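Residue 153 in our numbering sits at position 16 of the sequence shown, and the numbers go up by one each step.
Comments concern the structure below.
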Amino acid sequence: MSKKINPNLTSEQESVLFEDGTEAPNTSELNHEKRDGSFHCANCGEKLFDSDTKYESGSGWPSFYQSLPDVFETKTDHLLGYARTEYHCKKCGGHHGHIFDDGPNPTGKRYCNNGVCLVFKPK
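Set out below in structure tokens:
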């Protein structure tokens with residue numbers, strides 16, 4: 138796994154992707170993105186989610202019920218005092234968010250993604 142950091146990242150993107158930071162809720166323009174397209178890692182450009190898996194979770198962060206196959210690695214995070222499943226871009230190691238078991242069908246999953254970690258590419 139490459140840990141190469143894109144020199145065009147903002148300091149907030151670097152903090153979230155590589156220093157376990159989190160963006161403030163309800164601040165990402167991608168919360169309201171409803172066009173057909175795909176979401177990519179802001180660091181390496183890897184395609185992570187299709188727009189048809191995005192939904193409004195009410196969490197304050199862009200949420201998806203399914204990622205593309207084999208794009209993330211996971212680990213357990215105890216930062217808040219309890220176990221959460223953290224996910225990282227498999228290609229560059231960038232931290233994107235956490236997976237919860239309160240999402241919609243068909244998966245029941247919620248990939249709660251920091252918007253600053255994503256780039257949207259319209260179809």
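Don't be surprised by glycine CBs; every beta carbon is placed ideally from N, CA and C.
Since the model is a prediction, treat every value here as computed from it, not as a measurement.
Asked                                                                                                           : Found
Boundaries of the beta strand (DSSP E) in which Leu-154 is found, first to last residue                         : That residue, Leu-154, is in no beta strand (DSSP E); its alpha helix (DSSP H) goes 148-155.
Where Thr-211 sits in the DSSP three-state scheme                                                               : strand
Alpha carbon of Arg-247 to alpha carbon of Asp-239, nearest angstrom                                            : 6 Å
Integer Cβ distance of Val-253 from Ser-165, believed to fall under 8 Å                                         : 7 Å
Strand pairing of Ser-200, partner residues [DSSP]                                                              : Tyr-192, Cys-249
Segment limits, beta strand (DSSP E) that includes Ile-142                                                      : Taken as a continuous stretch (DSSP letters only), Ile-142 belongs to no beta strand (DSSP E), as it is neither H nor E.
Distance between His-169 and Glu-156 (C-alpha atoms, nearest Å)                                                 : 26 Å
Residue interval of the beta strand (DSSP E) (run including Tyr-219)                                            : Tyr-219 -> no beta strand (DSSP E), and no H or E assigned at all.
Beta-carbon proximity list for Thr-244, same chain, < 8 Å, skipping 5 on both sides                             : Tyr-202, Gln-203
Buried versus exposed call for Pro-199 [16 or more other C-beta atoms within 10 Å across all chains shown]      : buried
Sequence-distant residues of the same chain with beta carbon closer than 8 Å to Asn-163, five excluded per side : Gly-197
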